[in-house]
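Report on the structure given below.
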Amino acid sequence: MLSDFDFHLPDDLIAQEPLPDRAASRMLVVDRTTGKWEDRMFRDFPTYLHPTDCLVLNDSRVLPSRLYGHRENGTGRVELLLTKPISADGLTWEALVRPGRKLPTGERIVIADDLTAEILDRAEFGERAVRLHPIGDLFEVLDRVGHMPLPPYIRRPDTSSDRERYQTVFARERGSAAAPTAGLHFTPEILAACKAAGAEITHVTLHVGLGTFQPLRSEALEGVHLHTESMVVPPETTAAMDRAKRVIAVGTTAVRAIESDPSSPETSIFIRPGFKFCYTSSMLTNFHLPKSSLLVLVCALAGRELTLAAYQHAISQKYRFTRTAIVCLLYRVTF
1215 MLSDFDFHLP DDLIAQEPLP DRAASRMLVV DRTTGKWEDR MFRDFPTYLH
1265 PTDCLVLNDS RVLPSRLYGH RENGTGRVEL LLTKPISADG LTWEALVRPG
1315 RKLPTGERIV IADDLTAEIL DRAEFGERAV RLHPIGDLFE VLDRVGHMPL
1365 PPYIRRPDTS SDRERYQTVF ARERGSAAAP TAGLHFTPEI LAACKAAGAE
1415 ITHVTLHVGL GTFQPLRSEA LEGVHLHTES MVVPPETTAA MDRAKRVIAV
1465 GTTAVRAIES DPSSPETSIF IRPGFKFCYT SSMLTNFHLP KSSLLVLVCA
1515 LAGRELTLAA YQHAISQKYR FTRTAIVCLL YRVTF
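Next up, the structure:
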(Lines of atoms letter the chains of each structure in order from A and count residues from 1; the text may use other names and numbers.)
(Lines give C-alpha, C1' and ligand atoms only; values in the text may rest on other atoms or scores of the structure.)
Protein backbone atom coordinates (compact mmCIF):
# COMPACT_ATOMS: atom_id res chain seq x y z
CA MET A 1 0.00 0.00 0.00
CA LEU A 2 1.20 3.50 -0.81
CA SER A 3 0.58 4.60 2.78
CA ASP A 4 3.34 2.20 3.86
CA PHE A 5 5.83 4.59 2.24
CA ASP A 6 4.82 7.70 4.13
CA PHE A 7 6.83 9.62 6.72
CA HIS A 8 6.80 13.08 8.25
CA LEU A 9 9.19 15.46 6.53
CA PRO A 10 9.53 18.89 8.21
CA ASP A 11 9.23 21.72 5.70
CA ASP A 12 12.38 23.39 6.99
CA LEU A 13 14.49 20.42 5.83
CA ILE A 14 13.54 20.95 2.18
CA ALA A 15 16.31 23.25 0.96
CA GLN A 16 15.38 25.80 -1.68
CA GLU A 17 18.90 26.42 -3.00
CA PRO A 18 21.63 23.97 -4.05
CA LEU A 19 24.97 24.10 -2.32
CA PRO A 20 27.54 26.24 -4.18
CA ASP A 21 29.95 23.30 -4.20
CA ARG A 22 28.42 20.29 -5.93
CA ALA A 23 30.47 17.80 -3.91
CA ALA A 24 29.86 19.38 -0.49
CA SER A 25 26.70 17.40 0.29
CA ARG A 26 26.44 15.06 3.22
CA MET A 27 26.13 11.38 2.39
CA LEU A 28 24.46 8.65 4.39
CA VAL A 29 26.10 5.32 3.56
CA VAL A 30 23.66 2.47 4.15
CA ASP A 31 24.97 -1.10 4.05
CA ARG A 32 21.96 -3.17 3.14
CA THR A 33 23.82 -6.37 4.01
CA THR A 34 24.44 -5.49 7.66
CA GLY A 35 21.63 -2.95 8.11
CA LYS A 36 24.08 -0.35 9.44
CA TRP A 37 24.79 3.18 8.25
CA GLU A 38 27.32 5.95 8.72
CA ASP A 39 27.35 9.71 8.12
CA ARG A 40 29.92 10.79 5.56
CA MET A 41 30.45 13.48 2.90
CA PHE A 42 29.92 12.99 -0.80
CA ARG A 43 33.61 13.66 -1.43
CA ASP A 44 34.20 10.26 0.20
CA PHE A 45 32.21 8.46 -2.48
CA PRO A 46 35.19 7.33 -4.61
CA THR A 47 36.72 5.58 -1.58
CA TYR A 48 33.84 3.09 -1.70
CA LEU A 49 34.63 2.00 -5.27
CA HIS A 50 36.65 -1.01 -6.40
CA PRO A 51 38.31 -2.02 -9.69
CA THR A 52 35.55 -4.53 -10.49
CA ASP A 53 32.75 -1.97 -10.10
CA CYS A 54 30.68 -0.50 -12.91
CA LEU A 55 29.29 2.99 -12.25
CA VAL A 56 26.26 3.81 -14.44
CA LEU A 57 25.46 7.48 -15.11
CA ASN A 58 22.41 8.97 -16.83
CA ASP A 59 23.76 11.45 -19.38
CA SER A 60 20.42 13.07 -20.23
CA ARG A 61 20.56 16.85 -20.59
CA VAL A 62 17.76 19.05 -19.24
CA LEU A 63 15.91 21.25 -21.69
CA PRO A 64 14.75 24.74 -20.68
CA SER A 65 11.30 23.30 -21.16
CA ARG A 66 9.14 25.51 -18.93
CA LEU A 67 7.46 28.12 -21.10
CA TYR A 68 5.39 31.15 -20.18
CA GLY A 69 2.99 32.86 -22.54
CA HIS A 70 -0.56 34.12 -22.97
CA ARG A 71 -3.65 33.12 -24.91
CA GLU A 72 -3.64 34.41 -28.45
CA ASN A 73 -6.84 36.36 -27.88
CA GLY A 74 -6.31 37.19 -24.21
CA THR A 75 -3.85 38.36 -21.59
CA GLY A 76 -4.04 35.64 -18.92
CA ARG A 77 -0.70 33.97 -18.18
CA VAL A 78 -0.27 30.39 -19.37
CA GLU A 79 2.47 27.98 -18.28
CA LEU A 80 3.57 24.96 -20.30
CA LEU A 81 6.01 22.28 -19.17
CA LEU A 82 7.16 20.17 -22.11
CA THR A 83 7.72 16.59 -20.96
CA LYS A 84 8.22 14.43 -24.06
CA PRO A 85 8.17 14.78 -27.87
CA ILE A 86 5.49 12.54 -29.39
CA SER A 87 5.82 13.21 -33.12
CA ALA A 88 8.50 12.20 -35.60
CA ASP A 89 9.33 15.83 -36.42
CA GLY A 90 9.82 16.71 -32.72
CA LEU A 91 7.26 19.54 -32.77
CA THR A 92 4.32 17.84 -31.02
CA TRP A 93 4.92 17.34 -27.31
CA GLU A 94 3.28 15.91 -24.24
CA ALA A 95 3.00 18.81 -21.81
CA LEU A 96 1.56 19.94 -18.52
CA VAL A 97 -0.46 23.11 -18.99
CA ARG A 98 -1.74 25.67 -16.48
CA PRO A 99 -4.55 26.65 -16.26
CA GLY A 100 -5.42 23.50 -18.16
CA ARG A 101 -9.18 23.54 -17.71
CA LYS A 102 -9.50 26.95 -19.31
CA LEU A 103 -7.61 25.98 -22.45
CA PRO A 104 -9.76 24.03 -24.92
CA THR A 105 -8.53 22.06 -27.89
CA GLY A 106 -7.49 24.45 -30.64
CA GLU A 107 -6.41 27.23 -28.27
CA ARG A 108 -3.20 28.97 -29.35
CA ILE A 109 -0.64 30.22 -26.86
CA VAL A 110 1.79 33.01 -27.70
CA ILE A 111 5.13 32.39 -25.97
CA ALA A 112 7.43 34.69 -27.94
CA ASP A 113 7.57 36.43 -31.31
CA ASP A 114 9.09 33.28 -32.76
CA LEU A 115 7.23 30.59 -30.78
CA THR A 116 3.55 29.71 -30.41
CA ALA A 117 1.85 26.54 -29.21
CA GLU A 118 -1.50 24.99 -30.09
CA ILE A 119 -3.48 22.71 -27.75
CA LEU A 120 -4.25 19.53 -29.70
CA ASP A 121 -5.71 17.06 -27.24
CA ARG A 122 -6.29 16.17 -23.61
CA ALA A 123 -4.91 13.16 -21.74
CA GLU A 124 -5.86 11.21 -18.62
CA PHE A 125 -4.03 13.05 -15.84
CA GLY A 126 -4.25 16.64 -16.99
CA GLU A 127 -1.43 16.64 -19.51
CA ARG A 128 -2.01 17.89 -23.05
CA ALA A 129 -0.66 17.26 -26.50
CA VAL A 130 0.62 20.57 -27.84
CA ARG A 131 1.96 21.50 -31.27
CA LEU A 132 4.86 23.94 -31.23
CA HIS A 133 5.31 26.45 -34.04
CA PRO A 134 8.84 27.90 -33.84
CA ILE A 135 10.42 30.22 -36.35
CA GLY A 136 13.76 28.52 -36.88
CA ASP A 137 15.26 25.64 -34.91
CA LEU A 138 13.10 24.67 -31.93
CA PHE A 139 15.99 23.99 -29.55
CA GLU A 140 17.65 27.31 -30.34
CA VAL A 141 14.36 29.05 -29.57
CA LEU A 142 13.94 27.08 -26.32
CA ASP A 143 17.47 27.96 -25.26
CA ARG A 144 16.55 31.63 -25.58
CA VAL A 145 12.97 31.82 -24.24
CA GLY A 146 12.62 28.69 -22.07
CA HIS A 147 13.08 28.40 -18.31
CA MET A 148 14.74 25.58 -16.37
CA PRO A 149 12.14 23.22 -14.87
CA LEU A 150 13.03 23.26 -11.19
CA PRO A 151 11.62 20.47 -8.99
CA PRO A 152 8.09 21.23 -7.74
CA TYR A 153 9.18 21.45 -4.08
CA ILE A 154 11.50 24.39 -4.88
CA ARG A 155 9.25 27.40 -4.44
CA ARG A 156 11.18 30.13 -6.21
CA PRO A 157 11.59 31.35 -9.79
CA ASP A 158 14.46 29.93 -11.78
CA THR A 159 17.56 32.06 -12.26
CA SER A 160 20.25 32.22 -14.92
CA SER A 161 22.62 30.23 -12.68
CA ASP A 162 20.13 27.34 -12.58
CA ARG A 163 20.86 26.60 -16.24
CA GLU A 164 24.26 25.31 -15.24
CA ARG A 165 23.64 24.16 -11.67
CA TYR A 166 20.68 21.92 -12.55
CA GLN A 167 22.70 20.15 -15.25
CA THR A 168 25.10 17.30 -14.51
CA VAL A 169 28.71 17.81 -15.59
CA PHE A 170 28.39 14.72 -17.80
CA ALA A 171 25.06 15.68 -19.48
CA ARG A 172 25.18 15.08 -23.24
CA GLU A 173 21.84 14.00 -24.73
CA ARG A 174 19.18 16.71 -24.51
CA GLY A 175 15.64 15.72 -23.72
CA SER A 176 14.84 15.76 -19.97
CA ALA A 177 12.07 17.80 -18.40
CA ALA A 178 13.88 17.64 -15.02
CA ALA A 179 17.39 16.87 -13.89
CA PRO A 180 18.47 13.31 -13.02
CA THR A 181 19.45 14.84 -9.73
CA ALA A 182 21.64 12.18 -8.09
CA GLY A 183 24.28 13.01 -10.69
CA LEU A 184 24.30 16.69 -9.78
CA HIS A 185 26.75 16.03 -6.96
CA PHE A 186 29.56 14.93 -9.27
CA THR A 187 32.38 17.23 -10.32
CA PRO A 188 35.11 16.48 -12.88
CA GLU A 189 37.47 15.89 -9.95
CA ILE A 190 35.11 13.37 -8.31
CA LEU A 191 34.68 11.54 -11.63
CA ALA A 192 38.46 11.42 -12.03
CA ALA A 193 38.77 9.96 -8.53
CA CYS A 194 36.17 7.31 -9.39
CA LYS A 195 38.23 6.32 -12.43
CA ALA A 196 41.40 6.33 -10.36
CA ALA A 197 39.73 3.89 -7.97
CA GLY A 198 39.43 1.52 -10.92
CA ALA A 199 35.67 1.66 -11.48
CA GLU A 200 34.46 1.49 -15.07
CA ILE A 201 32.19 4.46 -15.83
CA THR A 202 29.39 3.89 -18.32
CA HIS A 203 26.32 5.82 -19.48
CA VAL A 204 22.67 5.33 -20.20
CA THR A 205 20.19 7.92 -21.36
CA LEU A 206 16.76 8.19 -19.77
CA HIS A 207 14.97 11.43 -20.46
CA VAL A 208 13.19 12.42 -17.26
CA GLY A 209 9.48 13.05 -17.78
CA LEU A 210 6.17 12.33 -16.11
CA GLY A 211 7.15 8.74 -15.33
CA THR A 212 9.76 10.01 -12.88
CA PHE A 213 8.11 12.94 -11.15
CA GLN A 214 4.34 12.48 -11.53
CA PRO A 215 2.80 11.77 -8.09
CA LEU A 216 1.32 8.35 -7.38
CA ARG A 217 -2.48 8.34 -7.34
CA SER A 218 -3.27 4.74 -6.46
CA GLU A 219 -3.17 3.42 -2.90
CA ALA A 220 -2.70 -0.10 -4.28
CA LEU A 221 0.77 -0.31 -5.80
CA GLU A 222 -0.34 -3.18 -8.03
CA GLY A 223 -2.49 -0.68 -9.95
CA VAL A 224 0.26 1.87 -10.60
CA HIS A 225 1.15 2.62 -14.21
CA LEU A 226 3.89 5.13 -14.94
CA HIS A 227 4.14 7.28 -18.05
CA THR A 228 6.62 6.11 -20.65
CA GLU A 229 10.00 7.83 -20.89
CA SER A 230 12.51 7.66 -23.72
CA MET A 231 15.70 5.75 -23.00
CA VAL A 232 18.84 4.27 -24.56
CA VAL A 233 21.00 1.56 -22.99
CA PRO A 234 24.05 1.24 -25.29
CA PRO A 235 25.45 -2.27 -25.95
CA GLU A 236 28.79 -1.19 -24.46
CA THR A 237 27.04 -0.34 -21.19
CA THR A 238 25.38 -3.75 -21.05
CA ALA A 239 28.76 -5.36 -21.75
CA ALA A 240 30.43 -3.36 -18.97
CA MET A 241 27.72 -4.37 -16.49
CA ASP A 242 28.12 -8.01 -17.49
CA ARG A 243 31.86 -7.78 -16.77
CA ALA A 244 31.43 -6.07 -13.39
CA LYS A 245 31.22 -7.73 -10.02
CA ARG A 246 29.04 -4.88 -8.74
CA VAL A 247 26.87 -2.42 -10.66
CA ILE A 248 26.30 0.93 -8.95
CA ALA A 249 23.50 2.95 -10.55
CA VAL A 250 23.59 6.70 -10.05
CA GLY A 251 19.98 7.73 -9.52
CA THR A 252 16.59 6.09 -9.86
CA THR A 253 16.51 6.94 -13.57
CA ALA A 254 19.66 4.90 -14.19
CA VAL A 255 18.14 2.03 -12.23
CA ARG A 256 14.95 2.12 -14.29
CA ALA A 257 16.94 2.17 -17.53
CA ILE A 258 19.21 -0.78 -16.78
CA GLU A 259 16.36 -2.84 -15.32
CA SER A 260 14.26 -2.33 -18.48
CA ASP A 261 14.49 -4.12 -21.82
CA PRO A 262 17.69 -2.66 -23.35
CA SER A 263 16.31 -3.12 -26.86
CA SER A 264 13.33 -0.86 -26.17
CA PRO A 265 13.42 2.88 -26.94
CA GLU A 266 11.27 3.68 -23.90
CA THR A 267 10.24 2.39 -20.51
CA SER A 268 7.31 2.67 -18.12
CA ILE A 269 8.73 0.27 -15.55
CA PHE A 270 7.49 0.71 -11.97
CA ILE A 271 9.86 -0.88 -9.45
CA ARG A 272 8.35 -1.82 -6.10
CA PRO A 273 9.21 -4.26 -3.30
CA GLY A 274 9.34 -7.80 -4.64
CA PHE A 275 10.99 -6.71 -7.89
CA LYS A 276 13.84 -8.97 -9.05
CA PHE A 277 16.83 -6.79 -9.95
CA CYS A 278 18.91 -8.03 -12.86
CA TYR A 279 21.84 -5.61 -12.65
CA THR A 280 21.52 -3.13 -9.79
CA SER A 281 23.34 -4.19 -6.64
CA SER A 282 24.07 -0.68 -5.30
CA MET A 283 22.59 2.73 -5.85
CA LEU A 284 23.56 6.32 -5.27
CA THR A 285 20.39 8.34 -4.87
CA ASN A 286 19.09 11.49 -3.25
CA PHE A 287 16.53 11.38 -0.48
CA HIS A 288 13.02 11.41 -1.92
CA LEU A 289 9.63 12.72 -0.89
CA PRO A 290 7.07 10.61 0.99
CA LYS A 291 4.74 8.34 -1.00
CA SER A 292 6.66 8.84 -4.25
CA SER A 293 7.51 6.22 -6.88
CA LEU A 294 11.16 7.11 -6.27
CA LEU A 295 10.99 6.20 -2.57
CA VAL A 296 9.16 2.97 -3.45
CA LEU A 297 12.01 2.07 -5.82
CA VAL A 298 14.62 2.70 -3.11
CA CYS A 299 12.68 0.48 -0.71
CA ALA A 300 12.54 -2.26 -3.35
CA LEU A 301 16.36 -2.38 -3.37
CA ALA A 302 17.19 -1.75 0.29
CA GLY A 303 14.05 -2.93 2.05
CA ARG A 304 11.28 -0.70 3.39
CA GLU A 305 12.14 -0.93 7.09
CA LEU A 306 15.85 -0.22 6.61
CA THR A 307 15.15 2.62 4.18
CA LEU A 308 12.61 4.37 6.40
CA ALA A 309 14.83 3.90 9.47
CA ALA A 310 17.71 5.53 7.57
CA TYR A 311 15.40 8.36 6.55
CA GLN A 312 14.42 8.95 10.16
CA HIS A 313 18.10 9.11 11.08
CA ALA A 314 18.67 11.67 8.32
CA ILE A 315 15.78 13.76 9.60
CA SER A 316 17.14 13.63 13.16
CA GLN A 317 20.54 14.75 11.88
CA LYS A 318 19.02 17.64 9.90
CA TYR A 319 19.99 16.40 6.46
CA ARG A 320 18.74 18.73 3.72
CA PHE A 321 15.88 16.92 2.05
CA THR A 322 15.94 18.03 -1.53
CA ARG A 323 16.97 16.11 -4.53
CA THR A 324 19.60 18.73 -5.22
CA ALA A 325 21.38 19.13 -1.88
CA ILE A 326 21.70 15.78 -0.13
CA VAL A 327 22.49 12.28 -1.22
CA CYS A 328 21.96 8.79 0.14
CA LEU A 329 24.12 5.86 -0.90
CA LEU A 330 22.61 2.40 -0.72
CA TYR A 331 25.58 0.13 -0.72
CA ARG A 332 25.91 -3.62 -0.88
CA VAL A 333 29.18 -5.15 0.24
CA THR A 334 30.09 -7.94 -2.15
CA PHE A 335 33.81 -8.28 -1.44
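Residue numbers (the numbering used here): 1215 to 1549. Glycine residues also receive a C-beta, built at the ideal position from the N, C-alpha and C atoms. The structure presented is a predicted model; accordingly, all values stated were derived computationally and were not measured.
- Closest by C-alpha distance to R1254, out of M1241, T1266, A1454, is M1241.
- Within the DSSP secondary-structure output, I1323 pairs in a beta bridge with R1285, A1331.
- Rounded to the nearest whole angstrom, the C-alpha separation of T1382 and I1462 is 17 Å.
- In the pairwise beta carbon analysis, the region 1420 to 1430 is classified as touching the region 1499 to 1517: at least three pairs are separated by under 8 Å.
- DSSP, read as helix, strand or coil, puts K1298 in strand.
- Taken atom to atom, the span from the alpha-carbon of A1331 to that of R1291 is near 14 Å.
- Bounds of any beta strand (DSSP E) do not take in V1383, whose DSSP letter is neither H nor E.
- In the structure shown, the three-state DSSP call for D1351 is coil.
- Note on geometry: alpha-carbon atoms of G1412 and E1286 lie some 57 Å from one another.
- Assignment of beta-bridge partners to L1310 by DSSP yields L1295, E1341.
- Here the region 1274 to 1284 lies against the region 1385 to 1393, with 3 or more beta-carbon pairs under 8 Å apart.
- Excluding five sequence positions before and after D1372, the CB atoms of its chain that fall closer than 7 Å to its own CB belong to H1361, M1362, L1364, given in chain order.
- Here I1485 is not bridged, per DSSP, to any residue.
- L1227 and K1532 have their C-alpha atoms some 7 Å from each other.
- Secondary structure of M1497 (DSSP, three-state): strand.
- It is roughly 12 Å from the alpha-carbon of G1350 to the alpha-carbon of R1358.
- Secondary-structure assignment with DSSP links M1445 through a beta bridge to L1420.
- For L1310, same chain residues with a beta-carbon under 6 Å away, outside a window of 5 residues either side, are L1295, E1341 in chain order.
- Between V1422 and the set I1404, F1400, R1388, the nearest pair of CA atoms involves R1388.
- For D1303, DSSP assigns no beta-bridge partner whatsoever.
- Around P1487, the same chain offers C1513, A1514, R1518 as residues with beta carbons nearer than 7 Å, after the five sequence neighbours per side are excluded.
- Linking K1459 to P1348 through their CA atoms gives a straight-line distance of about 48 Å.
- Note that the region 1438 to 1454 does not touch the region 1236 to 1250; fewer than 3 beta-carbon pairs, one per stretch, sit closer than 8 Å.
- C1408 sits buried, since 16 or more C-beta atoms from the chains shown fall within 10 Å of its C-beta.
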